[in-house]
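Below is one structure; the comments refer to it alone.
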Amino acid sequence: MVSLDISAAFDTIDHDVLLGRFGSEFGVVDAATSWLRSYLTDRQQYVKVGEHLSAVTQCLYGIPWISPLLGPLLFTAYVSPIRDLIESFGFSCHQFGDDTQLFVIMNASDFAPALDSLARCLAAVRSWFLCSGLQLNPDKLGVVIIGTSHQLRSATSILSINAAGSRLPVSDKLMSFSIMFEFDSSLWFDYHTSNVARACKITLEPLATCVLVD
0 MVSLDISAAF
10 DTIDHDVLLG
20 RFGSEFGVVD
30 AATSWLRSYL
40 TDRQQYVKVG
50 EHLSAVTQCL
60 YGIPWISPLL
70 GPLLFTAYVS
80 PIRDLIESFG
90 FSCHQFGDDT
100 QLFVIMNASD
110 FAPALDSLAR
120 CLAAVRSWFL
130 CSGLQLNPDK
140 LGVVIIGTSH
150 QLRSATSILS
160 INAAGSRLPV
170 SDKLMSFSIM
180 FEFDSSLWFD
190 YHTSNVARAC
200 KITLEPLATC
210 VLVD
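Each residue of the sequence shown is one higher than the last, beginning at 0 in numbering that gives the first Met the number 0.
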């Protein structure tokens, strides 16, 4: 599994391309298109430091962060063609907001064909993002190999993969849609469970020492 992340993703969206994609791929037209255009356009921004204000400028690109639901939905629609591109290489993927995960099935006795196809797929994905005004964030790319104990022993020689122009090391845990999971041969979520338990302890332990006085 390969996890992709885009730098400043929501800030670089072309409004005309997004609205055109809604019409051509999702059938959103007429009044619905006008509503989306009014939501996206005629926005302004400025920077304030103390009592000092910068000049006001028009926001010609980007998706507002006002709604935690509508923002990821709009971005997912903007990058929706990437699914067809990934599937053209024989891979599947999951998408949410600016996170995309690729799933690659490899033959335990011969990894080379799958890794070669993956390298070509990631190069094509990177080019598509660049043509759409988006750029992959190399610091947040991740890859993990999932399998049985025997399969994982066979894959110990795979230390990194070629991911869109850079070598990406294979890890035993991966940030999945903003939640850290640890994948092992049995797909136990020990790392995630430990983190949740630790966070709960930090939050609840002070409450246990509180004494209520009437």
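Note that the Cβ used here is the ideal one computed from N, Cα and C, for glycine as well.
{"Asked": "Between which residues of its own chain and Ser-222 is the CB-CB distance below 6 angstroms, once the five residues before and five after are set aside?", "Found": "With the chain running from 0 to 213 in the structure shown, residue 222 is simply not present."}
{"Asked": "May I have the straight-line CA-CA distance separating Arg-197 from Leu-203, to the nearest angstrom?", "Found": "10 angstroms"}
{"Asked": "If you count every other CB in all the chains shown that lies within 10 Å of the CB of Asp-189, and 16 or more means buried, which is it?", "Found": "exposed"}
{"Asked": "Just the C-alpha distance for Ile-145 and Met-0, rounded to the nearest angstrom, thanks.", "Found": "8 angstroms"}
{"Asked": "For Leu-68, is the beta carbon positioned less than 7 angstroms from some heavy atom of the ligand MG?", "Found": "With respect to small molecules bound, the structure shown includes none, and the ligand MG cannot be examined in it."}
{"Asked": "Excluding sequence positions up to five away, which residues of its chain have a Cβ less than 6 angstroms from the Cβ of Val-28?", "Found": "Gly-22"}
{"Asked": "So, with DSSP's three-state summary, where would you put Tyr-45?", "Found": "coil"}
{"Asked": "In this structure, how does DSSP classify Gln-134 when only helix, strand and coil are distinguished?", "Found": "coil"}
{"Asked": "Excluding five sequence neighbours on each side, which residues of the same chain lie with their C-beta closer than 7 angstroms to the C-beta of Asn-43?", "Found": "Asn is not the amino acid found at residue 43; the sequence shown has Gln there. Val-55, Thr-56, Gln-57 and Cys-58, listed in sequence order."}
{"Asked": "Sort Ser-53, Phe-95 and Ala-31 by Cα distance to Leu-68 and report the nearest one.", "Found": "Phe-95"}
{"Asked": "Check Leu-173 in the structure and name its three-state DSSP category.", "Found": "strand"}
{"Asked": "With the cut-off set at 8 angstroms, would you say Leu-140 and Ala-122 are in Cβ contact?", "Found": "no"}
{"Asked": "Could you check whether Ile-85 and Cys-120 sit closer than 8 angstroms to each other, using their CB atoms as the reference points?", "Found": "yes"}
{"Asked": "So, under 8 angstroms CB-CB, Thr-99 and Gly-61 are touching, yes? Tell me the CB distance rounded to an integer number of Å.", "Found": "The pair is not a contact, with the Cβ atoms about 19 angstroms apart (cut-off 8 angstroms)."}
{"Asked": "Using the three-state DSSP reduction, which class does Thr-56 fall into: helix, strand or coil?", "Found": "strand"}
{"Asked": "Nearest to Ser-294 by alpha carbon, out of Ala-76, Ile-81, Ser-156 and Asn-106?", "Found": "In the structure displayed, the chain extends from 0 to 213; residue 294 sits before or after that span and is not available."}
{"Asked": "Determine which residues share a DSSP beta bridge with Ile-160 and list them.", "Found": "Leu-167"}
{"Asked": "By the three-class DSSP mapping on this structure, what secondary structure does Leu-129 have?", "Found": "helix"}
{"Asked": "Quickly, what does DSSP pair Gln-94 with across the bridge? List them, please.", "Found": "Thr-99"}
{"Asked": "Who pairs with Gly-141 in a beta bridge, going by DSSP?", "Found": "Ser-2"}
{"Asked": "Does the beta-carbon of Phe-25 have 16 or more other beta-carbons within 10 angstroms, so that it is buried, or is it exposed?", "Found": "exposed"}
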